[in-house]
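First the structure, in the form of structure tokens, and then the observations on it.
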Amino acid sequence: MNQSGNNLNRRQFIKSGAIAVGALAAVGAGVGYLQKVTAEARINQDFLRPPGAVDESDFIYGCIKCGLCVQICPVQAIRLAGIKEGLAYGTAYIDVRAQACDFSCDSLQCVETCPTAALYFKQFKEAGEKAIAEYDKLHGQDKDYNPFPVQIEAMKRIVRMGVARINESTCLAFLGKGFKGTPRGKDFKGINRSPYTGEPKATPLKDKVYDEKICNLCVKECPIGETAIIMEDNTSKGGRIVPKVLGGCTGCGVCVMVCPTEGPSIIVEPIKS
Amino acid sequence: MFGKKNKTPLPPKSKEEMPFAKMGLSLKEWRNNHVNKHKWRTIRWSVLIGMNLLFIISITLDLALLEGSLSGSRLLGFYLMDPYNTFQVLVISFVTGHWKYLTMNFVIGFFTIFLFYFFAGGRSYCSWICPYHFLAEWGEKLHDYLVKKKKIKEHSFNIYLRFVFWGGFLVLALFTKNIVFEDLNPIGILSRAMIYGPGLILLWILALLVFEIVYSKRFWCRYVCPVGATWSLVGKGTPLAIRFDLDKCAHCLDCQQVCLVPHELWFVKKGTATHDVHHAGSDCTRCGLCVDVCPGNALSYTIKGWEKIL
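Listed in order, the protein sequences are those of chains A and B.
Per our numbering, the very first residue in the first sequence carries number 1; after that it's consecutive.
Per our numbering, the very first residue in the second sequence carries number 1001; after that it's consecutive.
Laid out in structure tokens, this is it:
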């Protein structure tokens, strides 16, 4: 190649390179603008991050949109966001009203599978190991020694996807009403493992029939139990028997999914950091 | 500036030395005698479709064969990470401190795929795995047809633009604290669309394809894609290559016609080859189109170093 050809090449490269840098700057400006507009509004009751999610500002780049957590979730609670979420397009989220995280995996494998620690497993691992160590001391000699239920119990207890909040103006219990039938209708696709039946796997909610004098579905189906939500008897104080959310709530959203009112009378509010 | 073609070329072959003359044919007869059976293209498309299908099979049948998507996956339990995603996440997390949390699987996944393509030909990822390549290959056919019919003009740019984008997207990632490229990456978008269901983002793929068809041949793959640029860097020292034998070549240039990166076949032009044997460079996607089309079998797959041992 002769000298003038080289120069022409170089000039071409500098010219198109400048256009490329300009295009990149435009993309950057667009991303910066979208970040400003959407970051605040993104996380809400219909768009919660899966268990163990790091802070949203880290999650947005930590989540490489691979979908490994989506595949491993046995109840398919985790989905990948659509284009309307802007920059969060393709990232993992849970819409608890459609399908809650009911912990029927018994291992938090979505967190363990995440390669980039956008879902951070170490905290759960340590909690589980600590629980096993304590259980060892007490039950190490037992014939049917099985530490795994203790481990998963300790792990799921520290999940904080959000905190449930009851809307007292629409909640059936607060209105003194009961519930009879199937809460979300016969076409609802969501599944969960009811803690009171001892069933090994999650089963469709549309097959479950309730007959409660005072509606207590949220309390009955809660996978965490009495540290998270209870029915509080206020009758002695002239009140009613109503659900009450406690400090152990993990924000898993099973209560939101099973709530029989048209719009859910209980929602999971994301924790603002 | 970038070339390394300073060595003096070998003298051009005389007509008697041409492979068709040795067989007693004219160049035209010799070319017409060759029936392109598209052997390597068939194999390559089968691998490409098969691998992408494996992702879909794994999720629909709930098998642990090949989980995840091309952005990050797990093959029989071993993690594989997209290299450019890895770079972006690393760059940002070194600033924010998230790097302390990154898992061992992340590290293993990156090095596994890095080593694999170091041996398996760098950009072979492009033509053997990338689903966008598959679409763009058809787009390219359409583009070539339109150029031939003089409906459109060809626009080409400098191929080193890729490295401007390669660095540029990393800088962008750093400034915006966001893996910007993954939002635009047609590989990830197509892979996710196939595995987790389609979305409106596919319009972006359509826009890219249309641009490639009507304006510039293979625009994204040639001048933008930093994933391909990464593999091209990895492919600098790779043993799997396309080998060129000067004595079997009649300089018909059929191979450059079909080649996705014709500059890597610079030595096929009469009077340019500096050695009797050449290997296509690191931009070569090892697609095998030239191997299929060559009338004299002057181009073939090889593993560098093996030739000497055998």
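Glycine included, C-beta positions come from ideal geometry on N, C-alpha and C.
In this text the structure is predicted, and so the values were computed from the model without any measurement.
Apart from sequence neighbours up to five positions away, the residues of its chain that approach Thr170 of chain A with a beta-carbon distance below 6 Å are Thr261, Ser265, ordered along the chain. Look at the segment 1015–1065 of chain B and you find these whole runs of alpha helix (DSSP H), each 4 residues long or longer: 1019–1022, 1027–1033, 1039–1060. A Cβ-Cβ distance of about 16 Å is found for the pair Thr1103 of chain B and Pro50 of chain A, leaving them out of contact under the 8 Å criterion. The Cβ atoms of Asn192 of chain A and Ala100 of chain A lie closer than 9 Å to each other. With a threshold of 9 Å between beta carbons, Asn1105 of chain B makes contact with chain A.
The C-beta distance from Phe1055 of chain B to Ile1195 of chain B rounds to 5 Å, short enough to meet the 8 Å contact threshold. For the segment 1238–1308 of chain B, the full-length alpha helix (DSSP H) segments reaching 4 residues or more read 1254–1258, 1289–1293 along the chain.
In its chain, beyond the 5 residues on either side, Lys1248 have a beta carbon closer than 7 Å to the beta carbon of Asn1297 of chain B. DSSP lists no bridge partner for Ile60 of chain A. With a cutoff of 9 Å on beta-carbon distance, Gly1199 of chain B and Ala1193 of chain B are scored as near each other. DSSP places Asp207 of chain A in the helix class (H, G or I) of the three-state scheme.
For His1278 of chain B and Phe1244 of chain B, the gap between their C-alpha atoms comes out near 5 Å. Bounds of the alpha helix (DSSP H) holding Glu153 of chain A are 148–157. Contacts between Leu1172 of chain B and chain A, judged by CB atoms closer than 8 Å, involve Leu24, Val27, Gly28, Val31 in chain order. Among the CB atoms of chain A, one or more fall inside 9 Å of the CB of Ser1073 of chain B. Residue range 229–233 is occupied by the beta strand (DSSP E) that includes Glu232 of chain A. Nearest in C-alpha terms to Val1180 of chain B, of all of A:Asp46, A:Arg42, A:Gly90, A:Ile132, is A:Gly90.
Per DSSP, reduced to three states, the secondary structure at Gly181 of chain A is strand. A direct Cα-Cα distance of roughly 17 Å separates His1133 of chain B from Leu1203 of chain B.
When DSSP states are grouped into helix, strand and coil, Met161 of chain A belongs to the coil group.
Ala1136 of chain B and Val163 of chain A have their C-alpha atoms roughly 47 Å apart. Among the CB atoms of chain B, one or more fall inside 9 Å of the CB of Val70 of chain A.
Approximately 33 Å separates the beta-carbon atoms of Leu24 of chain A and Glu1067 of chain B; this is outside 8 Å, ruling out the contact. Assignment of beta-bridge partners to Asn1158 of chain B by DSSP yields no partner. Listed along chain B is no residue with a C-beta nearer than 8 Å to that of Leu119 of chain A; the closest approach is about 10 Å. With a cut-off of 8 Å on Cβ pairs, the segment 1282–1300 of chain B is in contact with the segment 1029–1047 of chain B, counting three or more such pairs. Under the Cβ distance rule, Gly17 of chain A counts among the residues neighbouring chain B, one pair being separated by less than 9 Å. Counted as a single uninterrupted DSSP element, the stretch harbouring Val245 of chain A is not any alpha helix (DSSP H) but the beta strand (DSSP E) occupying residues 241–245.
For a Cβ distance threshold of 9 Å, residue set Thr1176, Lys1177, Asn1178 of chain B lies close to Gln35 of chain A, ordered along the chain.
Thr1096 of chain B sits close to Lys1177 of chain B, with the two beta carbons spaced by under 9 Å.
Under the three-state reduction of DSSP, Phe47 of chain A is assigned to strand.
Leu80 of chain A carries a strand assignment under DSSP once its states are collapsed to helix, strand and coil.
Only Val1180, Glu1182, Asp1183, Gly1188, Arg1192, Ile1195, Tyr1196 from the segment 1180–1197 of chain B bring a Cβ to less than 7 Å from some Cβ of chain A. DSSP lists no beta-bridge partner residue for Asn9 of chain A. Using a CB distance cut-off of 9 Å, Asp1082 of chain B counts as an interface residue toward chain A. Note on geometry: alpha-carbon atoms of Val1291 of chain B and Asn1158 of chain B lie some 26 Å from one another.
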